[in-house]
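So the sequences go chain by chain: A and B. The numbering of the first sequence is the numbering used here, which starts it at 6 and goes up by one. The numbering of the second sequence is the numbering used here, which starts it at 5 and goes up by one.
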Amino acid sequence: MRIRRAGDRGLLIETDAPHRLNAAVRAAGLPGVVDVVPGERTVLVTTAGDPGRLAGLLPGLPLPDDDAGDAAPVEIPVVYDGADLAEVAELAGLTVGEVVALHGGADYTVAYLGFSPGFGYLTGLPERLHVPRRESPRTAVPAGSVAIAGPYAAVYPSRSPGGWRLLGRSDLPLWDVARTPPSLLQPGTRVRFVEAGP
Amino acid sequence: MIEVLRSGPLATVQDLGRPGLAHLGVPRSGAADAPSLRLANRLVGNPEGAAGIEFTFGGGALRFHRAAWMAVTGAPVPFAVDGRGQGANAPCRVPAGAVLEMGAPPHGLRSYLAVRGGVAPDAVLGSRSTDLLSGLGPAPLTPGDRLPVGATEGLAAINVDVAPVPPPPDEPVLRLLPGPRDDWFTRDALRVLTGAPYEVTADSNRVGVRLDGARLERARDGELGSEGMVTGALQVPPSGLPILFLADHPTTGGYPVIAVLTAAAIPSAAQLRPGRRVRFTL
């Protein structure tokens, strides 16, 4: 664990286990903590005051064994009819059926959220499907679009611009401001994609 | 109820935002210059976090359908009620049916209007703030919008005549702390950043202030994994020109942050005007 200052109201902690550290910081109920934000290999903790004392407490926090170990994965139904499906198959040297089988057969974990509210970056995408994002992003990607880019899979929780390659769509609401929490996906949530009838 | 007659270049409803949801990709948002909103609220006896209106470059006009106490703070914008000039940083009584009209601030960028009771459009995720990055909260104000005003029973008494506030400096000097990723840049980069002034470009908004000036050189290639971002961060994309994150900044980002403004400097950053210059100091 290496702790870096992020201004006078934040600490950026480098860690091999961002989800476990995230869970540990939340469970500890430390005074003055405002936000706890996992990244790929970090956890950002922002505070209402000087975070100096917090920096001293973090290395001693007991890490849980596995933050989502017993929870069942969230199953996301997908209709595989995305605009980029054929292109992804060509880039990967696979048939469309093989792309669908690979994408739908893997176990995913939400590494972190960002880009837009409820947008989870899912790790676990089979390496054969690691394709670059589109050269020119779309100005509008519909909500529910199931997409991949680089090592990540994702579902667009709301309509937004986007450069990821679209494999299909899901009608499962990922983001709902009337729900608590509003995001179906949280850092560490496990995810499976399940092929749905059109 | 307050009716928007003119919004000026940009007017949004802002309170103190949506802290605690950044791990779900929700920006903090809220007033870009939070101490100015807090002051406006105190002047009219509101809790500091009540929702008010953030005007960018002034220019607003509002009709108060009911008599109300209000106060204007932040960028020192001239304003009049039914044609009669009024002073900023002071509570001001507006009669029913009166029209408030604003000019343009000679310094600074963002002015705040608080009304006793607070403006009260529907809250989203606990806040009435307009988040321009993610689209949460009410849309930016447009002529014809009608904003409800909250209840005034039980609020604190109005007991300040005027709050002394120095005008924002023409070329502010903002203090920063190195890191968290200053080691991604050459040893010289922090000296360059704090050497000559930077120009605030027109491509700046509530998400961030894009700066033009000396480029900051990286000491290493490769990609930083996406990580949490803080307000006041100076993120450096491949162009080498830093972007200073304000209230609606994205919650995570993949470009290294060379330095972060101190919390005390962030309100001044929110008052940076396009075309003007800013200096940084350690």
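Here a beta-carbon is modelled for each residue, glycine too, at the ideal position from N, C-alpha and C.
Subject >> Rounded Cβ spacing between Ser290 (chain B) and Pro31 (chain B) (contact assumed at less than 8 Å) >> reply: Since the displayed chain B opens at 5 and closes at 286, residue 290 (chain B) lies outside it and no answer follows.
Subject >> Contacting residues, own chain, Cβ-Cβ under 8 Å from Arg280 (chain B) (five flanking each side not counted) >> reply: If you number the second sequence from 1, residue 280 (chain B) lands on position 276. Correct list, in chain order: Asp174, Glu175, Glu203 and Val204.
**OP:** Could you check the C-alpha separation between Leu96 (chain A) and Thr194 (chain A) for me, to the nearest Å?
**Re:** Looking up residue 96 (chain A) in the first sequence gives position 91. Looking up residue 194 (chain A) in the first sequence gives position 189. So the two alpha carbons sit approximately 29 Å from each other.
Original post:
Who pairs with Leu66 (chain A) in a beta bridge, going by DSSP?
Top reply: As a working note, residue 66 (chain A) is residue 61 in the first sequence. DSSP lists no partner for Leu66 (chain A).
Subject >> Secondary structure of Arg10 (chain B), DSSP reduced to three states >> reply: Within the second sequence, residue 10 (chain B) is the residue found at index 6, counting from 1. Strand, per DSSP.
Original post:
According to the neighbour-count rule (16 or more other Cβ atoms, all chains shown, within 10 Å of its Cβ), is Ala53 (chain A) buried or exposed?
Top reply: As a first step, residue 53 (chain A) must be located in the first sequence, where it is residue number 48. Counting Cβ neighbours within 10 Å, Ala53 (chain A) comes out exposed, since fewer than 16 surround it.
**OP:** Kindly provide the ranges of any alpha helix (DSSP H) runs that are 4 or more residues long and lie completely inside the segment 109-170 of chain A, ordered along the chain.
**Re:** none
Original post:
Can Val151 (chain A) and Arg174 (chain A) be called in contact, C-beta distance under 8 Å?
Top reply: Locating residue 151 (chain A) in the first sequence gives position 146, where the first residue counts as 1. Locating residue 174 (chain A) in the first sequence gives position 169, where the first residue counts as 1. Taking 8 Å as the Cβ cut-off, Val151 (chain A) and Arg174 (chain A) qualify as a contacting pair.
Subject >> Closest Cα partner of Phe189 (chain B) within the set B:Arg222, B:Leu129 and B:Asp37 >> reply: Here the question's residue 189 (chain B) lines up with position 185 in the second sequence. Among B:Arg222, B:Leu129 and B:Asp37, the Cα nearest to that of Phe189 (chain B) is on B:Arg222.
Subject >> Segments assigned beta strand (DSSP E), at least 3 residues, entirely inside the segment 15-95 of chain A >> reply: 15-19, 38-43, 47-52 and 79-83
Original post:
For the beta strand (DSSP E) that Ala72 (chain B) lies in, which residues bound it at each end?
Top reply: Residue numbering aside, residue 72 (chain B) sits at position 68 when the second sequence is read from its first letter. Looking at the DSSP string, the run of the beta strand (DSSP E) that includes Ala72 (chain B) is Ala72 to Gly78.
Original post:
What residue ranges within the segment 200-244 of chain B form continuous beta strand (DSSP E) runs of no fewer than 3 residues, ordered along the chain?
Top reply: 202-204, 212-216 and 237-239
Original post:
When DSSP labels each residue in this structure, what does Gly102 (chain A) get in the three-state scheme?
Top reply: As a first step, residue 102 (chain A) must be located in the first sequence, where it is residue number 97. Three-state result, Gly102 (chain A): helix.
Subject >> Stretch-stretch touch, CB-based, cutoff 8 Å, three pairs: the segment 12-19 of chain B with the segment 88-102 of chain B >> reply: no
Original post:
Who does Ser115 (chain B) pair with in a DSSP beta bridge?
Top reply: Here residue 115 (chain B) refers to the residue found at position 111 of the second sequence. Ser115 (chain B) pairs with B:Phe59 and B:Gly78.
Subject >> Burial state of Leu62 (chain A) (16 or more Cβ within 10 Å) >> reply: For the purposes of this step, residue 62 (chain A) is taken as residue 57 along the first sequence, with counting starting at 1. Answer is exposed; the Cβ neighbour count stays below 16.
Original post:
What in chain A is Cβ-close to Leu265 (chain B), meaning under 7 Å?
Top reply: As a first step, residue 265 (chain B) must be located in the second sequence, where it is residue number 261. Ordered by position in chain A, the residues that pass the 7 Å Cβ test against Leu265 (chain B) are Gly12.
Original post:
Can you tell which of B:Ser131, B:Gly183, B:Leu151 and B:Gly122 has the C-alpha that lies nearest to the C-alpha of Glu157 (chain B)?
Top reply: Within the second sequence, the letter at position 153 stands for residue 157 (chain B). Closest by alpha carbon: B:Gly122.
Subject >> Proximity of Leu151 (chain B) and Arg67 (chain B) at Cβ, strictly below 8 Å >> reply: Numbered from its first residue, the second sequence carries residue 151 (chain B) at position 147. Numbered from its first residue, the second sequence carries residue 67 (chain B) at position 63. Not in contact: Leu151 (chain B) and Arg67 (chain B) (Cβ atoms no closer than 8 Å).
Original post:
Is Pro125 (chain B) close to chain A, meaning its C-beta is less than 8 Å from at least one C-beta of that chain?
Top reply: Residue mapping note: residue 125 (chain B) aligns to position 121 of the second sequence, counting from 1. False, the Cβ-Cβ gap to chain A never drops below 8 Å.
Original post:
Do you know offhand how far Thr128 (chain A)'s Cα is from Gly34 (chain B)'s?
Top reply: Against the first sequence, residue 128 (chain A) aligns to sequence position 123. Against the second sequence, residue 34 (chain B) aligns to sequence position 30. Between the C-alpha atoms of Thr128 (chain A) and Gly34 (chain B) there is a straight-line separation of about 32 Å.
Original post:
What's the call for Leu134 (chain A), buried or exposed, on a 16-neighbour Cβ count within 10 Å?
Top reply: For the purposes of this step, residue 134 (chain A) is identified with residue 129 of the first sequence, where counting begins at 1. With 16 or more Cβ atoms within 10 Å of its Cβ, Leu134 (chain A) is classed as buried.
**OP:** Using the Cα positions of Asp40 (chain A) and His111 (chain B), report the straight-line distance between them to the nearest angstrom.
**Re:** What you label residue 40 (chain A) is simply residue 35 of the first sequence in a count that begins at 1. What you label residue 111 (chain B) is simply residue 107 of the second sequence in a count that begins at 1. Going from the Cα of Asp40 (chain A) to the Cα of His111 (chain B) covers about 33 Å.
Subject >> Residue-chain proximity (Ser133 (chain B), chain A), Cβ-Cβ < 8 Å >> reply: For this step, residue 133 (chain B) is matched to residue 129 along the second sequence. Interface residue (Cβ-Cβ distance to chain A less than 8 Å): Ser133 (chain B) is not classified as such.
Subject >> chain A within 8 Å of Ser33 (chain B), Cβ atoms only >> reply: Translated into the one-based positions of the second sequence, residue 33 (chain B) becomes position 29. Contact of Ser33 (chain B) with chain A is not assigned, every C-beta pair being separated by 8 Å or more.
Original post:
Closer than 8 Å, CB to CB, is Ala223 (chain B) near chain A or not?
Top reply: Against the second sequence, residue 223 (chain B) aligns to sequence position 219. Cβ-Cβ to chain A under 8 Å: no for Ala223 (chain B).
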